[in-house]
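Numbering (our numbering), first residue to last: 7 to 384.
We put the CB at the ideal spot given by N, CA and C, even for glycine.
Pasting the structure below:
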């Protein structure tokens with residue numbers, strides 16, 4: 007789940023209908039079933055390796071209730087080879103049952119295993135659960151087809167049967183691709199600043215080339231996927247993943263560079279009044295997992311700077327910070343840092359920023375000023 011207090015639009019009403027209609031039951035322990043889905047967190051552990059303890063605990067919990075012919079589906083994002091290790095763990099717990107081998111046949115009445123990685127965007131999860139294409143990675147012959155039976159009941163997108171290692175790699179590749187491309191945008195922003203060039207204007211011009219599509223720079227990469235999953239791809243093959251590791255280093259460095267810019271801006275004032283716009287890991291969500299904006303704010307607070315936070319989605323702020331309405335906080339500030347370009351901030355009057363020192367990695371203030379034909383104040 008995205009974290010404490012998060013509300014997926016439409017989910018509460020859907021759950022209420024399912025519970026009232028008897029189509030959903032909630033219980034504290036696993037029960038016999040034809041399909042068992044494991045969808046648990048897989049955070050980074052020490053050494054930037056995947057922490058699979060929740061996956062292992064889930065496997066141990068369902069092992070006693072497995073029956074011949076059942077299907078176990080792993081949806082959690084995991085390193086390549088995890089589905090095979092999951093099968094070995096279940097086989098050790100239930101030697102009375104048959105389990106398939108990767109690349110081999112499925113014994114009669116075996117327990118089928120598959121990896122079907124989730125593909126959802128917070129805020130659009132219910133729509134994407136139905137409409138997104140899904141990769142269905144089977145461990146042995148017939149496992150993908152068995153798992154696909156469940157997803158055909160509600161998925162309108164394509165179901166693509168593949169090997170379980172392929173499915174694990176594809177999910178990690180999707181997020182590593184985004185991380186690498188964001189790193190290029192962030193590095194280009196740093197180079198543009200060095201050369202005195204407007205990075206976003208340069209990117210917009212470069213993107214007019216028919217085969218160029220540079221992403222937008224920002225304050226780093228957050229969330230439970232893009233900031234974490236590339237390490238799962240590289241953890242067992244460090245020598246073969248220099249680009250992935252370099253991208254992670256580039257994106258991890260951005261929050262500290264932005265914090266330094268804010269610190270320098272505040273140094274112009276004897277008693278600086280600082281307002282930070284945004285705390286979530288990306289626009290228009292409540293999610294603060296791995297949020298670079300949160301890391302920036304906590305760094306500034308630890309250095310003794312007073313911080314006023316404005317975020318229409320995130321209600322809880324770090325200890326020591328004060329939460330206020332955006333227009334009020336900007337008016338009272340000497341320095342304004344735009345950390346997350348929430349849509350609500352785009353409707354703010356650009357004149358609010360007049361006379362302020364603005365740190366704007368997202369480019370929101372410049373864009374608003376251009377659209378309003380107002381002189382830039384940054």
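**Request:** Would you mind listing the alpha helix (DSSP H) stretches within the region 318-365 that are 4+ residues and don't spill past its ends, in chain order?
**Result:** Segments of the alpha helix (DSSP H) lying fully in the region 318-365: 332-338, 349-352.
**Message:** For a quick check, are the C-beta atoms of residue 351 and residue 283 less than 7 Å apart?
**Reply:** Closer than 7 Å, so yes.
**Proximity of residue 241 and residue 55 at Cβ, strictly below 7 Å** = Taking 7 Å as the cut-off, the Cβ atoms of residue 241 and residue 55 count as close.
**Request:** Would you mind sorting residue 49 into buried or exposed? The rule is 16 or more other CB atoms within 10 Å of its CB.
**Result:** If you draw a 10 Å sphere on the C-beta of residue 49, you find fewer than 16 other C-beta atoms in it, and that means exposed.
**Request:** With DSSP collapsed to three states, give me the class of residue 220.
**Result:** Per DSSP, reduced to three states, the secondary structure at residue 220 is coil, with no helix or strand assignment.
**Item:** residue 191 beta carbon less than 7 Å from that of residue 221
**Value:** Taking 7 Å as the Cβ cut-off, residue 221 and residue 191 qualify as a contacting pair.
**Prompt:** Based on the DSSP output, what are the partners of residue 250 in its beta bridges?
**Reply:** According to DSSP, which records beta bridges pairwise, residue 250 is partnered with nothing at all.
**Item:** Cutoff 8 Å; reference residue 337; Cβ partners in own chain excluding five residues on either side
**Value:** Excluding sequence neighbours, residue 337 sits near 358.
**Asked** Using DSSP with H/G/I as helix, E/B as strand and the rest coil, what is residue 11?
**Response** Only weak support exists for where residue 11 lies, its pLDDT of 49 falling under 50; the value from the coordinates is given anyway. Correct three-state label for residue 11: coil.
**residue 144, buried or exposed, once every other Cβ within 10 Å from all chains shown has been counted against 16** = Around the Cβ of residue 144, a 10 Å sphere holds 16 or more other Cβ atoms; the residue is buried.
**Message:** I'd like to confirm the pairing. Which residues does DSSP put opposite residue 30 in its beta bridges?
**Reply:** For residue 30, which the question treats as bridged, DSSP gives no partner whatsoever.
**Prompt:** How is the alpha helix (DSSP H) around residue 186 delimited, first residue to last?
**Reply:** For residue 186, the enclosing alpha helix (DSSP H) has its first and last residue at 170-201.
**Prompt:** If you draw a straight line from the C-alpha of residue 355 to the C-alpha of residue 268, how long is it?
**Reply:** Their Cα atoms are separated by approximately 22 Å.
**Asked** Going by C-alpha distance, which of 33, 149, 15 is nearest residue 110?
**Response** Considering only alpha carbons, the answer is 149.
**Item:** Endpoints, the beta strand (DSSP E) within which residue 120 is located
**Value:** Here the beta strand (DSSP E) through residue 120 covers 118-121.
**Closest by C-alpha distance to residue 151, when choosing among 70, 252, 167** = The closest CA to that of residue 151, considering only 70, 252, 167, is found on 167.
**Request:** Can you check DSSP and say which residues form a bridge with residue 140?
**Result:** Looking at the DSSP assignment, residue 140 forms a beta bridge with 165.
**Item:** With 16 other Cβ atoms within 10 Å as the buried cut-off, status of residue 300
**Value:** Buried: at least 16 other Cβ atoms inside 10 Å.
**Item:** Sequence ranges, alpha helix (DSSP H) only - wholly within the region 50-97, length at least 4
**Value:** For the region 50-97, whole alpha helix (DSSP H) runs of length 4 or above, ordered along the chain, are 59-68.
**Spatially closest choice to residue 157 from 176, 177, 136, 173, by CA coordinates** = With distances taken between Cα atoms, residue 157 lies closest to 136.
**Message:** Quick check on residue 231: does DSSP put it in helix, strand or coil?
**Reply:** Residue state, collapsed to three classes: coil.
**Prompt:** Alpha carbon to alpha carbon, how far is residue 73 from residue 114?
**Reply:** When rounded, the distance between both Cα atoms is 12 Å.
**Prompt:** Going by alpha carbons, who is nearest to residue 397 out of 14, 61, 57?
**Reply:** Nothing can be reported for residue 397: it is not among the residues displayed for the chain, which extend from 7 to 384.
**Request:** Identify every residue that forms a DSSP beta bridge with residue 272.
**Result:** None; residue 272 has no bridge partner.
**Asked** Can at least three beta-carbon pairs, one atom from the region 116-125 and one from the region 163-178, be found at a separation below 8 Å?
**Response** For the pair of segments examined, the region 116-125 was found to touch the region 163-178: the number of CB pairs separated by less than 8 Å reaches three.
**Asked** Should residue 59 go down as buried or exposed, given a rule of 16 or more other Cβ atoms within 10 Å for buried?
**Response** By the 10 Å Cβ count, residue 59 comes out exposed.
**Asked** Would you call the CB atoms of residue 304 and residue 324 closer than 7 Å?
**Response** Note that the C-beta distance between residue 304 and residue 324 is below 7 Å.
**Prompt:** How would you label residue 236, buried or exposed, when you count the other beta carbons within 10 angstroms and need 16 or more for buried?
**Reply:** Residue burial annotation: residue 236 is buried, with at least 16 other C-beta atoms found within 10 angstroms of its C-beta.
**Residues that residue 43 bridges to, as DSSP identifies them** = For residue 43, which the question treats as bridged, DSSP gives the partners 79.
**Message:** Closer than 8 Å is the cut-off here; do at least three beta carbon pairs connect the region 312-329 with the region 254-267?
**Reply:** The way I'd put it, the region 312-329 doesn't touch the region 254-267; fewer than three beta-carbon pairs between them come closer than 8 Å.
**Asked** In chain order, what residues of the same chain lie with their CB nearer than 6 Å to the CB of residue 230, ignoring the 5 residues before and after it?
**Response** 295.
**Asked** Would the beta-carbon of residue 239 fall within 7 Å of that of residue 178?
**Response** Contact: yes.
**Buried/exposed call for residue 53, threshold 16 Cβ in 10 Å** = With fewer than 16 neighbouring CB atoms inside 10 Å of its own CB, residue 53 falls in the exposed class.
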